[in-house]
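Novice: Note that the sequence shown covers residues 3 to 322 in our numbering. We put the CB at the ideal spot given by N, CA and C, even for glycine.
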Amino acid sequence: MKHLLSTADLSRDEAVHVLDVAEEMAEVATREVRKLPALRGKTVVNLFFEDSTRTRISFEAAAKRLSADVINFAAKGSSVSKGESLKDTVQTLGAMGIDGIVIRHPASGAPRVLAEADWIDVPVVNAGDGTHEHPTQALLDAFTMRRRLHGTASRGKALDGIRVTIVGDVLHSRVARSNAWLLRTLGAEVTFAAPPTLLPAVDRPFGAAVHHDLDVALAEDPDVVMLLRIQQERMNDAFFPNPREYTRHFGLTAARTAALSERTLIMHPGPMNRGLEIAGVAADDPRSTVVEQVANGVSVRMAVLYLALTGEHEAKESAA
Ligand code: CP
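1) Leaving out five residues before and five after M147 in sequence, what residues of the same chain have Cβ atoms less than 7 Å from its Cβ?
2) Who sits around the ligand CP, taking every residue whose Cβ is closer than 5 Å to one of its heavy atoms?
3) Can you find at least 3 beta carbon pairs, one from the segment 59-70 and one from the segment 295-307, that sit closer than 8 Å?
4) Would you mind listing the beta strand (DSSP E) stretches within the segment 84-132 that are 3+ residues and don't spill past its ends, in chain order?
5) Rounded to whole angstroms, how far is the Cβ of T91 from the Cβ of V104, which I believe are closer than 8 Å?
6) Whole-angstrom Cβ separation of V283 and A256, contact assumed at under 8 Å?
7) In angstroms, rounded to a whole number, what distance separates the CA positions of F51 and P113?
8) Give me the Cα-Cα distance between A17 and N298, rounded to the nearest whole angstrom.
9) State yes or no: is the C-beta of H270 within less than 8 Å of the C-beta of L229?
10) Any contact of the segment 141-159 with the segment 118-129, i.e. 3+ C-beta pairs under 8 Å?
11) Which one or two residues does DSSP pair with N48 in a beta bridge?
12) Within the continuous beta strand (DSSP E) that includes M329, where are the two ends?
13) If contacts are defined as beta-carbon pairs under 8 Å, then A182 and F208 qualify, I think. What distance do you get, rounded to the angstrom?
14) Beta strand (DSSP E) containing H152: first to last residue?
15) Rounded to whole angstroms, what is the Cα-Cα separation between N244 and V212?
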């Protein structure tokens, strides 16, 4: 892996390999000294043009646990506010000597532009681009499902036959798209449950089945229910649903939580709108993996940085 731009670029074997390397990284987190020397001497830039809590901080923690130096760049407070372009920003950082870029950008496709341009030749990791993709979120979600469903014997395994229902604002969600590609690559069955106004207007979006009634979708007894955040900042008034109506029809309410099977996982990428798409009791339920997802995000991002910056995967391919 040189870059990680989209989960659609990952083969099944590559995706399972990332999850297996993440298992090794998770083991490091249990040690007294939670650090590996793998990226000593390398510098990673966190280039964030959009707000973030989980992704930015976990990429920083991941790089530091691999002994890399980290430069945190936030567009707010930088010369971007004076009109500096992405190209000039990246070339300015490149002049200081960097070995990898983690980028979050409001424009869909910005990470691919950066990876394919000749402005700088370093690995690029997409940390969320507009409404397009969020590949490390999907990888950490798959890692969390694999650990919960296969336990300690999860190495080498995919998610064959696992049924995942993704609920809510699919239209504006980069998490939904990256998850749909990756989960299907790993053998899972994906269903979207959403109102027509919050779905792409195509049959089987990203290869997923569709229900417009959450209760019908939940009656199919999925292994995983993943709630999506209502992304008010990306909607105009025509899309934004009436909150009370939305919760009634598509929220994981206390009543719907109580009716779920004992083994059904409740997932949310965060940040959550408690009381809108997910009730507090659902977020805090023992079946909820919300906090675990955050912890697993560090291990998965360690794996991605390690594979991208050491070129381990490329070396294996050229030796084969
Ligand atoms: N899930 C996610 O991307 O969260 P942040 O926006 O806090 O990074």
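Specialist: With the given structure in hand:
1) Stepping through the sequence shown from its first residue, residue 147 is reached at position 145. The beta carbon of M147 is closer than 7 Å to those of L161, I164, V226 and L267 in its chain, skipping five residues each way along the sequence.
2) With 5 Å as the limit, the residues whose C-beta approaches any heavy atom of the ligand CP more closely are S54, T55, R56, T57, P271 and G272, in sequence along the chain.
3) Cβ pair count under 8 Å is three or more, so yes.
4) Segments of the beta strand (DSSP E) lying fully in the segment 84-132: 102-107 and 126-131.
5) Stepping through the sequence shown from its first residue, residue 91 is reached at position 89. Stepping through the sequence shown from its first residue, residue 104 is reached at position 102. Actually they are not in contact, since the Cβ atoms of T91 and V104 sit about 14 Å apart, beyond 8 Å.
6) In the sequence shown, residue 283 corresponds to position 281, counting from 1. In the sequence shown, residue 256 corresponds to position 254, counting from 1. 5 Å between Cβ atoms; contact.
7) Reading the sequence shown from its first residue, position 49 is the one you call residue 51. Reading the sequence shown from its first residue, position 111 is the one you call residue 113. Put simply, the backbone Cα of F51 is about 11 Å away from that of P113.
8) Position 15 of the sequence shown, counting from 1, holds the residue named residue 17. Position 296 of the sequence shown, counting from 1, holds the residue named residue 298. Between the alpha carbons of A17 and N298 lies a gap of roughly 15 Å.
9) For this step, residue 270 is matched to residue 268 along the sequence shown. For this step, residue 229 is matched to residue 227 along the sequence shown. The answer is yes: Cβ separation under 8 Å.
10) Short answer: they don't touch.
11) On the sequence shown, position 46 is the one that residue 48 refers to. According to DSSP, N48 bridges with N74 and V104.
12) Because the chain is modelled from 3 through 322, residue 329 falls outside the range shown and cannot be assessed.
13) The count along the sequence shown starts at 1 and reaches residue 182 at position 180. The count along the sequence shown starts at 1 and reaches residue 208 at position 206. That pair is a contact at about 4 Å.
14) Looking up residue 152 in the sequence shown gives position 150. Here H152 belongs to no beta strand (DSSP E); instead the alpha helix (DSSP H) covers P137 to H152.
15) The residue labelled residue 244 in the question sits at position 242 within the sequence shown. The residue labelled residue 212 in the question sits at position 210 within the sequence shown. For N244 and V212, the distance between alpha carbons rounds to 22 Å.
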